[in-house]
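>
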Amino acid sequence: MNDHDPSFMYSQLLKEILLEMQDDEKARREFVRVLRIQYAENTVALRSIDDFEQEYDKPSPIWWYTKESFIYSALNKALRTEDIEIILKMGFIVRDLCRQIEQVYSDTRQETKQIVYRGQGMSSVDFEKIKKNEGGLRTFNYFLSTSTNQQVANAFAESVRNDSDLIGILFQMEIDSSISSSQFALLNGISYYSGENEILFSMHTVFRICNILKLDDRLWQINLRLTNDDDEQLKNLTEYIRQEFEGVAENHRLGTLMRRMDKLEKAEEIFTQQLESASNKSSLAIADLHSELGGIKYSQGDASNALAHFEKALEIKEKTLLSTDPDLAKAYSSVGTAYCSIGKYLTALSYHKKALGIREEVLSPIHPDLGVAYNNLGAVYDAMGNYSAALSYYKKAINIKEKILPSLHPTLAITHSNIGRLYKVMEDYPTALLSYKKTLEIEQKSLPPTHSSLGTTYNNIAGVHQSSGDYSNALMCLEKALKIQQESLSSTHPNLGMTYNNIGVVYISMKDYSVALSHLEKALEIQQKSLPPIHPLLAKTYSNMGRMYTSMGNNSIALSYYEKALGIQQKSLQYSHPDVALTYNKLGNVLYSLGRYEEAVIHAERAVVIALDTLGCDHPIFRTYQEDVKQFRQKL
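So this note's numbering is basically just the index in the sequence shown, starting at one, shifted up by 8.
This is the structure in structure tokens:
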């Protein structure tokens, strides 16, 4: 009952960064400029904006906050909806309000308990969430206006009766000034308005939902009690991230936080501005900026530009750092990850082995970076089809991470996901699903609800359902993935292409070929724009097109797609990769259906040789390939 939404943590970390940033006259001017554009046709508002610009420092930030709707409504809407662009433009106001509330709270604090009220409208969706969480925690990530006068609050709650989209809510809040985690200020003599007996709470106030009472069909009362109770798992993760941020400049921390929140365009803007304004272009600080920008490009699916940034960072670090510096290992690791994403697995392997060598030499055997190194090596061996080596490294990674990281750390989710993928490939679907559900549980508690990683996880879970023949659950998960990715990724991101690909595969299994074709064509269109022409993911899509045309009985067209897939795989994968074996087997089956029996046997035998080498003679896929060869030979 003490769970927080992950957005509480990110909002808290963002506020802490804003509070440490220096006052910026440029930011204030930019905010005023945006206001003038927004209210260009409103002469009354423009006069108020002029006053705000000239007189902001007097009488006080709270006075302006309570006076002008273009401040309090815009700020709290931005804080509620996580509109980072507006929050950063209004960062100086956030900073000043928090400081003044803290000062008033300190000056006037008495050990007292009292009841305050707040009236508002609420959507039925948000109200249902509160009803389901009765007894749990309710957090307010924004500045919360309340009143000691119940009639004032009632009037606000009653005012929404004529709006069919809203429910009137009267919050009755029991507050205790001895609870120091929440700061609030009585605004008598400070607010622009008098007579409302307003109490303004600072951001991140936490209440316990005591009970919910129905006053009539359109009006409800929610009784809250101020509390120090917390979500211990999220609290531990928050503290761990704070420690990771120690010693890092505010602007750099801000960019890194934007990356963690999946606000990649804003992160890119922040780091690019720092890079352009830097004087020493060969310093380690510049290398770090290239590393951050490379990570952003990688997350955006732009592997070639990611690699360019990572290599610039590595070039500087190789010239500047000792050969055993852990920061050099991070640079090798980043370059290796980029090479893996473009299908150059042997090159990727060499860089990851360099990174591992440094980390094993200088770091503790349970250092988190060593866990990262093992995970990265596992990912390369996974991509190369060496599943036993991959699983060994993934297990080493998870053993380290579970010992030292908070239970909700997102990198734990990454390794659980990788392990799930391996078990799926090995056709151990229950174990795969268990690993993916661990991933989902961590991500739902530690990432914003539209984070692209959640889309990837729903995609993976869908793959297990599809392989198990549970097509309805597969489609349900893929629809969730697609919704998240359409909100968080560009329209040409490779992960979006993979989701369309996977939807197409499910519809092939359901024999709905027209719908399958439309999704596969969307996937191909995205991949051709965003991936190198010999990327293995393109081969997967061509192979799925071949599968679809085979299912439709059009083997000649199927053959052409399988040949395209094999052509890419021969250039991008090792000969012993299981995906190559699968394509040889599919080609054998199509050639057999076309009556080209000698060619069918040759291709099917190649699949058997690869499968024996990589999967072993007891694997069901190997036995299937063997049976195909026996069947094809009977026609010779």
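We put the CB at the ideal spot given by N, CA and C, even for glycine.
When DSSP builds the beta bridges, which residues end up paired with Val124?
Answer is Met181, bridged to Val124.
> Report the option in Gln229, Val214 and Gln111 whose CA atom is closest to the CA atom of Leu221.
Of the candidates Gln229, Val214 and Gln111, the one whose C-alpha sits nearest the C-alpha of Leu221 is Gln229.
> Note down, in chain order, each residue of its chain lying with its Cβ closer than 6 Å to the Cβ of Ala421, except the 5 sequence neighbours on either side.
Excluding residues within five positions, the ones whose Cβ falls inside 6 Å are Thr447, Ile450 and Glu451.
> With distance defined between alpha-carbon atoms, name the residue in Pro544, Ser498 and Tyr557 nearest to Ser517.
When only C-alpha atoms are compared, the closest one is Tyr557.
> Around the Cβ of Ser210, are there at least 16 other Cβ atoms within 10 angstroms (buried) or fewer (exposed)?
So Ser210 counts as buried.
> Take Gln30 as the anchor and find which of Thr280, Glu258, Lys352 and Tyr402 has the nearest alpha-carbon.
Nearest of Thr280, Glu258, Lys352 and Tyr402 to Gln30, Cα basis: Glu258.
> Do Ile183 and Gln128 have their CB atoms nearer than 7 Å?
The answer is no: Cβ separation not under 7 Å.
> Alpha carbon to alpha carbon, what distance is there between Ala346 and Arg631?
So the alpha carbons of these two residues sit roughly 36 Å apart.
> Counting beta carbon pairs with one atom in the stretch 268-277 and one in the stretch 41-49, are three or more of them shorter than 8 Å?
No: the two stretches stay apart, fewer than three of their Cβ pairs being nearer than 8 Å.
> What runs of the alpha helix (DSSP H), each 4 residues or longer, lie entirely inside the stretch 566-618?
Those alpha helix (DSSP H) runs which fall completely within the stretch 566-618 and span 4+ residues are 586-601.
> So Val214 is in the alpha helix (DSSP H); what residue range does that whole segment cover?
From DSSP, Val214 is part of no alpha helix (DSSP H) but of the beta strand (DSSP E) over Thr213 to Asp224.
> CA-CA distance, Thr591 and Thr465?
Approximately 26 Å between the Cα atoms of the pair.
> Taking the alpha helix (DSSP H) that Thr558 belongs to, which residues open and close that run?
Element bounds for Thr558: Pro544 to Ser559.
> Could you give the residue range of the beta strand (DSSP E) that holds Ile207?
Start and end: Glu206 to Phe209.
> Quick check: Gln20 and Glu110, are their CB atoms within less than 7 Å of each other?
No, Cβ-Cβ distance for Gln20 and Glu110 is not below 7 Å.
> Can you say whether Tyr583 is buried or exposed, counting buried as having 16 or more other CB atoms within 10 angstroms of its CB?
Exposed, because fewer than 16 other Cβ atoms sit within 10 Å of the Cβ of Tyr583.
> When the Cα atoms are used, what is the spatial distance from Asp478 to Glu240?
The alpha-carbon atoms of Asp478 and Glu240 are separated by roughly 36 Å.
> Would you call the stretch 318-332 and the stretch 540-555 in contact, with 3 or more CB pairs under 8 Å?
At 8 Å Cβ cutoff, the stretches do not touch.
> With distances taken between CB atoms, is the gap from Ala405 to Gly428 smaller than 7 Å?
No, they are not a contact pair.
> Quick check on this structure: which residue in Leu483, Lys411, Leu54 and Ala337 has the alpha carbon closest to the alpha carbon of Asn384?
The option with the nearest alpha carbon to Asn384 is Ala337.
> Which residues in the same chain as Lys389 place their Cβ atom closer than 6 Å to its Cβ, once the five residues preceding and following it in sequence are excluded?
Note on residue identity: the sequence assigns Tyr, not Lys, to residue 389. So the list reads Ala397 and Ala398, once near-sequence residues are dropped.
> So, using beta-carbon positions, are Tyr550 and His527 closer together than 7 Å?
The answer is no: Cβ separation not under 7 Å.
> By Cβ distance, which residues of its chain are closer than 8 Å to Pro456, with the 5 residues on each side in sequence left out?
Excluding sequence neighbours, Pro456 sits near Pro14, Ser15, Tyr18, Glu90, Met269 and Asp270.
> Throw me the rounded Cβ distance for the Ile187 and Asn236 pair, which I believe falls under 8 Å.
With a Cβ gap of about 5 Å, Ile187 and Asn236 count as contacting.
> Under the rule that 16 or more other beta-carbon atoms within 10 Å means buried, what is Asp636, buried or exposed?
Its Cβ being crowded by 16 or more others within 10 Å, Asp636 is buried.
> Looking at the unbroken beta strand (DSSP E) that takes in Ser153, where does it start and where does it end?
Element bounds for Ser153: Leu152 to Ser155.
> Return the chain-ordered list of same chain residues with a C-beta closer than 7 Å to the C-beta of Leu620, the five sequence neighbours on each side being excluded.
Closer than 7 Å at the Cβ level, and outside the excluded window around Leu620, lie Phe630.
> Opposite Ile175 in the DSSP bridges: which residues?
According to DSSP, Ile175 bridges with Met130.
> Measure the beta-carbon distance from Leu26 to Arg103 and round it to whole angstroms, keeping in mind my assumption that it falls under 8 Å.
Correct: roughly 5 Å between the Cβ atoms.
> Judging by CA-CA distance, which residue of Ala615, Asp333, Ser341 and Lys362 is the nearest neighbour of Gly302?
Per the Cα distances, Ser341.
> Is Thr89 helix, strand or coil when you go by DSSP?
The answer is helix: DSSP assigns Thr89 an H, G or I state.
> By Cβ distance below 8 Å, which residues in the same chain neighbour Gln493 in space, the five residues on each side in sequence not counted?
Closer than 8 Å at Cβ, skipping near neighbours: Ser460, Gly463, His501, Asn503, Leu504 and Thr507.
> Leaving out five residues on either side along the sequence, give the residues of the same chain with a beta carbon under 6 Å from the beta carbon of Leu574.
Contacts found: Thr591.
> Between the Cα of Glu571 and those of Leu539, Glu607 and Met560, spot the shortest distance and give me the residue it belongs to.
The shortest C-alpha separation from Glu571 is found at Glu607.
> Kindly indicate which residue of Ala470, Gln474 and Ser475 has the alpha-carbon position closest to the one of Leu490.
Ranking the options by Cα distance to Leu490, first place goes to Ala470.
> First and last residue of the alpha helix (DSSP H) that includes Leu297?
First-last of the alpha helix (DSSP H) with Leu297: Leu292 to Ser307.
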